[in-house]
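Under the working numbering, the first residue of the sequence shown is numbered 4, with each subsequent residue one higher.
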Amino acid sequence: MNRDSFQNKRVLVMGLGRFGGGLDSALFAAKAGAEICVTDLANETELADSLGKLKEYDISFCLEEHREDDFRQTDILIVNPAVPLDNKYVEIARKAGCLVTSQMELFFQLCPARIIGITGANGKSTTTSLTAHLLKSGCGQEGVGYDNIFLGGNIGHQPLLDIVDEMKNNDVAVLEISNFQLEQLAQIQVAPDIALITNLTANHLDRHGTFEAYCRVKEGIFQYQNMSTEIPVVSIFNAEDPITRDWYQKHLNDSGRQCLTFNADDVPDEYAEVFRLPGRVNRSNLAAALAIVSCFNVDPKRVKEAIQSFEGLPNRCQLIAETNDVRWYDDSKATTPVSTMAALNGLETKRGQTPFIVLIAGGYDKQISFAELGTCITNRAKAVVLIGQTAPKIAEAIQSTSSDCTIKYADSMEQAVQMSYELAASGDVVLMSPACASYDMFKNYAERAAAFVVAVNDLE
Ligand code: ADP
4 MNRDSFQNKR VLVMGLGRFG GGLDSALFAA KAGAEICVTD LANETELADS LGKLKEYDIS
64 FCLEEHREDD FRQTDILIVN PAVPLDNKYV EIARKAGCLV TSQMELFFQL CPARIIGITG
124 ANGKSTTTSL TAHLLKSGCG QEGVGYDNIF LGGNIGHQPL LDIVDEMKNN DVAVLEISNF
184 QLEQLAQIQV APDIALITNL TANHLDRHGT FEAYCRVKEG IFQYQNMSTE IPVVSIFNAE
244 DPITRDWYQK HLNDSGRQCL TFNADDVPDE YAEVFRLPGR VNRSNLAAAL AIVSCFNVDP
304 KRVKEAIQSF EGLPNRCQLI AETNDVRWYD DSKATTPVST MAALNGLETK RGQTPFIVLI
364 AGGYDKQISF AELGTCITNR AKAVVLIGQT APKIAEAIQS TSSDCTIKYA DSMEQAVQMS
424 YELAASGDVV LMSPACASYD MFKNYAERAA AFVVAVNDLE
């Protein structure tokens, strides 16, 4: 499959979406001279941003529905990763003899550069962008092993197919790969040249059924690496995670594969001292990125400078203000109890062992248990301000631990910030880490973060 295979072909893009993947596929096919139709169950208003970027191309649209005939009458179907593999319309296309593919599959087939792929339950985006940032610091250095670094995949609106022509043999593409994208890659049994898993905890069980099935998909990132290439593929596992530690043992003696592990404790002190992201989980992300960097010859001085200049990604334990010796953190991306616990456990205290955190939490109810979070709040927070649908459930989880943590309720983010301001003393941290999705009060986690930042900036 190459760009020419699209010339004058009928191409159907299923799932335009709002995150850039469908848009990238449609733009690629349009520029390759295909006759394109885009279909999505969402409406014109919901897709406005993506639609605006396709205006100048001759594309037909079928929104708010899928039509069976469109799937029967196409030559190539490009499927969004959000669509399950056994979707009825995809089946129709397959039966009609159409070539079914995806943005990721096409990228793997077209990309001449070496591919690094990062997957895992938590920390994917942070580890991927940190890896790209560290490797970029080596660009131009003699003997480093590559020319340019590209960042993309399941991470903030970065096009892949649209820029694949700019990539050369001696470049490196650093990709975040979601589980859904891994499922798609498994269809053609391909995987990155350098593959890393950050960690494994239950996630997306609504789609994968069981934790075992979810893990099987994740293991595909190692299973389908091409071990027959001249340069050995590299497989990198988290030594602190029991499942991935077993995978390391299992693959250790494979020929054509180099196996590495990482551990948060491996990070040399001189790097840990200059790293600005808080907590052990972020040190684990740094250890992961450094394991990848060790496959190249980047000058350690450049690595250290790059570690120091890495500011982290927005909305992930991001320090947004410091006033009256109180630090305010935006962790709006923490949409599960596990990520909120990572933030609570990770933030360093200026006040010894005393619980020093004022936590703002709560939101849309995904029916996940808050029992463990309740214990963690009791251990780590002096007060919690609860918002949204889950407020009573989180309060109950805290109270069942006979905690003396102060519990307050707020109707809006503005009120939650005001209450937190009153509760926080000098040296404390206010952490907005909701442990829940945002849909009950906001459009998405970014809008929730924006409301938090505005309210903090408005404090007298
Ligand atoms: P992902 O891309 O896997 O969703 P992110 O890097 O975007 O991960 O981080 C999402 C949330 O998870 C943030 O709240 C962050 O503080 C927390 N987090 C980051 N790294 C880890 C990790 N290694 N383990 C657990 N939680 C993490």
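Ideal Cβ positions, reconstructed from N, Cα and C, are used throughout, including at glycine.
For residue i, write down the residues that DSSP places opposite it in a beta bridge.
i      : result
Ala198 : Gly120, Ser238
Gln261 : Val237
Met17  : Thr42, Val82
Thr104 : Ile81
Lys385 : None, per the DSSP bridge assignment.
Gln321 : Asp333
Ala400 : Ala400 is not bridged to any residue.
Leu66  : Asp43
Phe183 : In DSSP, Phe183 forms no bridge with anything.
Ala176 : Ile118, Phe153
Lys411 : Val388
Thr326 : Val329
Tyr227 : None, per the DSSP bridge assignment.
Tyr424 : Tyr424 is not bridged to any residue.
Specify the secondary structure class of residue i as computed by DSSP and reduced to three states.
i      : result
Cys114 : coil
Val361 : strand
Val193 : coil
Lys446 : coil
Lys171 : coil
Met435 : strand
Ala440 : strand
Tyr60  : coil
Suppose the cutoff is 8 Å on Cβ atoms and the five residues either side in sequence are ignored; what does the same chain contact list for residue i look like?
i      : result
Leu109 : Met4, Ser28, Phe31, Ile81, Leu164
Cys40  : Arg13, Val14, Leu15, Val16, Ile62, Ser63, Phe64, Cys65, Asp73, Thr77
Tyr227 : Leu188, Ala189, Gln192, Val193, Ala194
Asn266 : Asn241, Ala242, Glu243, Ser287, Ala290
Ala275 : Arg286, Leu289
Glu308 : Ser140
Between which residues of its own chain and residue i is the CB-CB distance below 6 Å, once the five residues before and five after are set aside?
i      : result
Thr409 : Ala386
Ile152 : Ala135, Leu138, Lys139, Val175
Ala124 : Asn202, Leu203, Thr204, Asn206
Gly25  : Val16, Gly18, Leu19, Asn83
Gly23  : His160
Ser429 : Asp328
Which same chain residues end up closer than 7 Å to residue i when comparing Cβ atoms and leaving out the 5 residues on each side of it in sequence?
i      : result
Asn300 : Gly146, Val147, Gly148
Tyr412 : Leu389, Ala394
> Is the segment 439 to 446 touching the segment 319 to 339, taking contact as three or more C-beta pairs under 8 Å?
Replying inline: yes
> Any contact of the segment 99 to 115 with the segment 70 to 84, i.e. 3+ C-beta pairs under 8 Å?
Replying inline: yes
> So does the segment 223 to 240 actually touch the segment 188 to 203, counting three or more Cβ pairs closer than 8 Å?
Replying inline: yes
> Are the segment 54 to 63 and the segment 82 to 96 touching by the rule of at least three beta carbon pairs closer than 8 Å?
Replying inline: Between the segment 54 to 63 and the segment 82 to 96, the count of C-beta pairs closer than 8 Å stays below three; the two stretches do not touch.
> How about the segment 397 to 404 and the segment 372 to 379: do they share at least three Cβ pairs that are nearer than 8 Å?
Replying inline: Output reads yes: the segment 372 to 379 touches the segment 397 to 404.
>> Taking contact to mean 3 or more Cβ pairs, one atom from each stretch, closer than 8 Å, check whether the segment 290 to 306 and the segment 134 to 146 are in contact.
In response: yes
>> Measuring CB atoms only, is the segment 446 to 460 touching the segment 320 to 330, in the sense that at least three cross pairs come out at less than 8 Å?
In response: Three or more Cβ pairs drawn from the segment 446 to 460 and the segment 320 to 330 lie within less than 8 Å of each other, which places the two stretches in contact.
>> Taking contact to mean 3 or more Cβ pairs, one atom from each stretch, closer than 8 Å, check whether the segment 258 to 273 and the segment 281 to 295 are in contact.
In response: The segment 258 to 273 makes contact with the segment 281 to 295, as at least three CB pairs between them are under 8 Å.
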